[in-house]
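Written below as structure tokens is the structure these notes are about.
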Amino acid sequence: MDKLFAKLVGKDAVMRPFQRRVVEAILEGKNVIMRAPTGSGKTWAPIVPFLYSIEQGTPMADRLFFAVPLRSLASSQLGSLKRVITYRENPPLLPNEEISVGIQTGTTPHDPHFLNRVVITTIDQLLSSYLFSAYSVGRSSANINAGSLIGSLIVADEVHLYDKDKALLTLLEAAGSQRLKGLAQFVLMTATLPTQAVASLAEHLDAEIIQVEEDELFSLPSHKDKERYYHWEPSPLSGQAVIKKHQDNSRSLVICNTVNRAQEVYLELKESLEQSGEKTPLYLLHSRFYEYDRKRIEDELEKYFNASAERTNVIAVTTQVVEAGLDWSAEQLHTELAPANSLVQRAGRCARFPSPRNRGNVYIYELKEKGNGRDLGPYHKQAEEIKLTRYNLEKVNGNNLSFKDEETLIDNVHGEIDSQFFGDLDRLVLERSIRVEDEAFSEPYPDTT
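FYI, the numbering for the sequence shown is 612 to 1060, going by our numbering.
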């Protein structure tokens, strides 16, 4: 297994203790809730046992579903997995059997019937298939996709980004219901779910909680000497504020809550740079670009922000499309105020890599005024979380926050509020199960004969 891990991740890569615990739990047939910080190597932990079982000639599952909340994350995962599983080795990584890797999202519908052995998809595509209403196929073929979930290993990544009242509840209903319980294995992965929420999920799914222990955390190259300083800025984010803190030999990443705000800040930066004569490259990336243009911009930004990047002196203005999943790191990260769990996710794009890219600053800006209050944008339903986040940020202003400190920040903001939801999880899932039964399973399955 260690040899396979090294082939996947790199010839000098060694499996971390928490990754090994995940591998062992999965091979024992357990459901798993994994909580680990950004940049720690969560992704490979559930993939290794699946491939290892195939290598040994005793497949543990028919196929692996890797579900993410955002289309951009699916494309990113596809590139990395396909590269190492399909192309890295000659002969192939697993010479006894070809491992096909495919993607199924709304913008890249390349595997509508989930025929590949490894399927990278979005959570909406996965759950619509479970509900016999697959977005990717017609009603007459709906049972094909639903049937493909049986006997599979389903990995739900970044579950803290799922809408609790929609996707998360339906996922839990699927995992705990008699329809898939015992017929599919589930791994839920997160960096920023509160402690109590993780415990409630594990109890509901009869899952084992595996997380990075504190002594183990500081042995990780990405966290051993990490210095990530959080700064509260009481004024709204502006192009001038970004330029003032930018350094010629550094990388600055700006994350706005909406596309409109990203466009606004980008134009401010563009005008300021042109007026000053500065030659700093400036980029804009958001979800409204056509797929081809977005891919082109992401490829260009990889040359500045990925682990092996040598280019510096760049400013990139983005939205939540870079909040999770992308293996990028900047020295200066500027972000509008958001709930603490989202901020910690965004902060994962700062000081992410080992020395000399292990030190950075996260600047969090007050929201713009709108009417008689602040413009909460996509977080209008989380006004209380925003208020608590602001209060807690003021208390840690200027501090270097470790992963444990970030966990404390998340628990302080989300713990009590989320406990109301997760504390009533059994009732909520039962209600969702009744609704699923009424809407998805009350009619006869489509006749495809």
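Each residue gets a CB set at the ideal place from its N, CA and C atoms; glycine is no exception.
In the DSSP assignment, find the unbroken alpha helix (DSSP H) run with tryptophan 655 in it and report its ends.
Here the alpha helix (DSSP H) through tryptophan 655 covers 655-666.
Can you tell me whether DSSP reads threonine 946 as helix, strand or coil?
Correct three-state label for threonine 946: strand.
What residues in its chain sit with their C-beta under 7 Å from that of glutamate 977, if we drop five residues either side in the sequence?
Same-chain partners within the cutoff: Glu844, Pro845, Ser846, Pro847 and Leu948.
Closest to glutamine 667 by CA distance: which of Val932, Phe677, Gly652 and Leu638 is it?
Taking only the C-alpha atoms, the option nearest glutamine 667 is Leu638.
On the CB-based measure, 16 or more other CB atoms within 10 Å of its CB, does valine 625 come out buried or exposed?
When all chains shown are included, valine 625 counts as exposed.
Burial state of leucine 726, where buried means 16 or more other Cβ atoms lie within 10 Å
Here leucine 726 is exposed. Its C-beta has fewer than 16 other C-beta atoms within 10 Å.
Nearest by alpha-carbon distance to glutamine 858: which of Ile926, Ile975 and Glu875 is it?
If we check each option's Cα against that of glutamine 858, Ile926 comes out closest.
In this structure, what does DSSP give as the bridge partners for isoleucine 820?
Looking at the DSSP output, isoleucine 820 shares a beta bridge with Ile644.
Quick check on this structure: which residue in Leu615, Gly650, Pro723 and Arg646 has the alpha carbon closest to the alpha carbon of alanine 958?
For the options Leu615, Gly650, Pro723 and Arg646, the alpha carbon positioned closest to that of alanine 958 is the one of Gly650.
If you reduce the DSSP assignment to three classes, tell me which class phenylalanine 1033 lands in.
In the displayed model, phenylalanine 1033 falls within a helix according to three-state DSSP.
If I measure Cβ to Cβ from alanine 617 and keep anything under 7 Å in the same chain, skipping five residues before and after, which residues do I get?
So the list reads Ala624, once near-sequence residues are dropped.
In the structure shown, what three-state DSSP assignment does phenylalanine 676 receive?
Shown here, phenylalanine 676 sits in a strand according to DSSP, grouped into three states.
Residue range of the alpha helix (DSSP H) that serine 740 falls in?
Counting along the chain, the alpha helix (DSSP H) containing serine 740 begins and ends at 734-741.
In its own chain, which residues sit with a C-beta less than 7 Å from the C-beta of glutamate 784, not counting the 5 before and 5 after it?
Only Val1040, Arg1043, Ser1044 and Val1047 meet the Cβ criterion.
Grouping DSSP H, G and I as helix and E and B as strand, with all else coil, what is alanine 745?
Assigned with DSSP and collapsed to three states, alanine 745 falls in coil, not helix or strand.
Using beta-carbon positions only, say whether threonine 732 and arginine 682 come within less than 7 Å of one another.
Contact flag unset, no.
I believe glycine 652 touches arginine 627 by the beta-carbon criterion, under 8 Å. Please report the beta-carbon distance rounded to the nearest angstrom.
Contact between glycine 652 and arginine 627 holds: their C-beta atoms lie close to 6 Å from each other, under 8 Å.
In whole angstroms, what separates the C-alpha of isoleucine 644 from that of cysteine 961?
Distance between the alpha carbons of isoleucine 644 and cysteine 961: 25 Å.
Where does tyrosine 1002 land, buried or exposed, given buried means 16+ other C-beta within 10 angstroms?
For tyrosine 1002, the number of other beta carbons within 10 angstroms of its own is below 16, and it is reported as exposed.
Nearest to aspartate 817 by CA position, among Val748, Val955, Lys641 and Leu772, is which residue?
It is Lys641.
In the DSSP output, which residue or residues are listed as bridge partners for cysteine 867?
Partner(s): none; cysteine 867 has no beta bridge.
Just the C-alpha distance for alanine 656 and aspartate 613, rounded to the nearest angstrom, thanks.
About 12 Å.
Indicate the three-state DSSP secondary structure (helix, strand or coil) for phenylalanine 797 in the structure shown.
In this structure, phenylalanine 797 counts as strand in the three-state DSSP scheme.
Sort Val659, Ile658, Ser739 and Ala941 by Cα distance to tyrosine 915 and report the nearest one.
Of Val659, Ile658, Ser739 and Ala941, the residue nearest in Cα terms is Ala941.
Starting from the C-beta of glutamine 840, find all residues in its chain whose C-beta is less than 6 Å away, skip the five residues before and the five after it, and write them out in chain order.
One detail in the question is off: residue 840 reads as tyrosine in this sequence, not glutamine. Once the five neighbours on either side are set aside, the close Cβ partners of tyrosine 840 are Asn972 and Asn1011.
Whole alpha helix (DSSP H) runs in the segment 945-977 with 4 or more residues, listed along the chain?
DSSP runs (the alpha helix (DSSP H)) wholly in the segment 945-977: 951-958.
Starting from glutamate 921 and walking both ways along the alpha helix (DSSP H), at which residues does that stretch end?
Counting along the chain, no alpha helix (DSSP H) covers glutamate 921, and no H or E run does either.
What span of residues does the alpha helix (DSSP H) with leucine 619 cover, start to end?
Where leucine 619 is concerned, the enclosing alpha helix (DSSP H) stretches over 613-620.
contact_flag[the segment 890-903, the segment 867-878] where n(CB pairs < 8 Å) is 3 or more
Enough Cβ pairs lie closer than 8 Å, so yes.
Closest by CA to serine 763, which one among Gly850, Glu995 and Asp673?
Considering only alpha carbons, the answer is Asp673.
Use the C-beta contact count for alanine 795: other C-beta atoms within 10 angstroms, 16 or more gives buried, fewer gives exposed.
With 16 or more other Cβ atoms within 10 Å, it is buried.
Which same chain residues, not among the five before or five after lysine 856, have their C-beta less than 6 Å away from its C-beta?
Result list for lysine 856: Gln943, in chain order.
For phenylalanine 1033, which residues of its own chain have a beta-carbon under 6 Å away from its beta-carbon, when the five flanking residues on both sides are left out?
Cβ neighbours of phenylalanine 1033 beyond the five flanking positions: Ala808 and Ser811.
Look at the Cβ atom of valine 933, then the Cβ atom of valine 876, and state whether they are nearer than 7 Å.
The answer is no: Cβ separation not under 7 Å.
In whole angstroms, what separates the C-alpha of leucine 782 from that of glutamate 769?
Each residue's Cα considered, the two are about 13 Å apart.
May I ask you to list the residues that DSSP assigns as paired with leucine 895?
Per DSSP, Val928.
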